[in-house]
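Each position in the sequence shown, counted from 1, maps to that position plus 132 in the working numbering.
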Amino acid sequence: MAWLKDALLDIIILLFILSYVISANSIIQIVLWVYTALLLLSKILAFFMPSLQQRANKTEVPPYFYHVVYALTVGLFIFGSYYYFAGVWSLIWLASIYQYATSNKK
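Next up, the structure:
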């Protein structure tokens, strides 16, 4: 359970997403767009910069945790009818699956 410290930001973002779906607050929306864009950019850069992927693999957080977080995130956005967010987070999730699969082959 020591890995929960490493996953704290992901849990906080998931709570932000839940509060946005419930309240549709414009400030939370801006925070989510910025975080989503930065996360997508980091996933794309990890394809071209292996050092970023190696740094991401050093965490003790089990991979299934991220899949659960991404599934809940996409599900919440679809439930709230925020399809743009759901689409971008689906891309983030697919990039994570691909990166995890390729890193395990090596």
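Think of the CB as a built atom: it goes at the ideal place given N, C-alpha and C, for glycine as much as any other residue.
Values in this document were obtained by computation on a predicted structure and should not be read as measured data.
Alpha helix (DSSP H) segment containing residue i, residue limits
i      : result
Asp142 : 140–155
Of the residues the options, the one placed nearest residue i, counting alpha carbons only
i      : options                : result
Leu141 : Tyr198, Ala169, Leu226 : Tyr198
Leu164 : Ser235, Ile176, Tyr214 : Tyr214
Thr205 : Ile149, Leu136, Ile144 : Ile149
Rounded separation between residue i and residue j - CA only
i      : j      : result
Val220 : Leu147 : 18 Å
Val153 : Thr234 : 33 Å
Leu171 : Ser155 : 23 Å
Tyr230 : Leu177 : 13 Å
Helix, strand or coil at residue i [DSSP, three-state]
i      : result
Ser213 : coil
Lys175 : helix
Gly206 : Here residue 206 is Val; the residue named in the question, Gly, does not match the sequence. Residue state, collapsed to three classes: helix.
Val166 : helix
8 Å contact criterion, which residue i and residue j should meet: CB distance rounded
i      : j      : result
Tyr202 : Ser228 : 7 Å
Tyr232 : Pro182 : The Cβ separation is near 14 Å, so there is no contact.
Ala218 : Ile224 : Between Ile224 and Ala218 the Cβ distance is about 11 Å, and since that is not below 8 Å, they are no contact.
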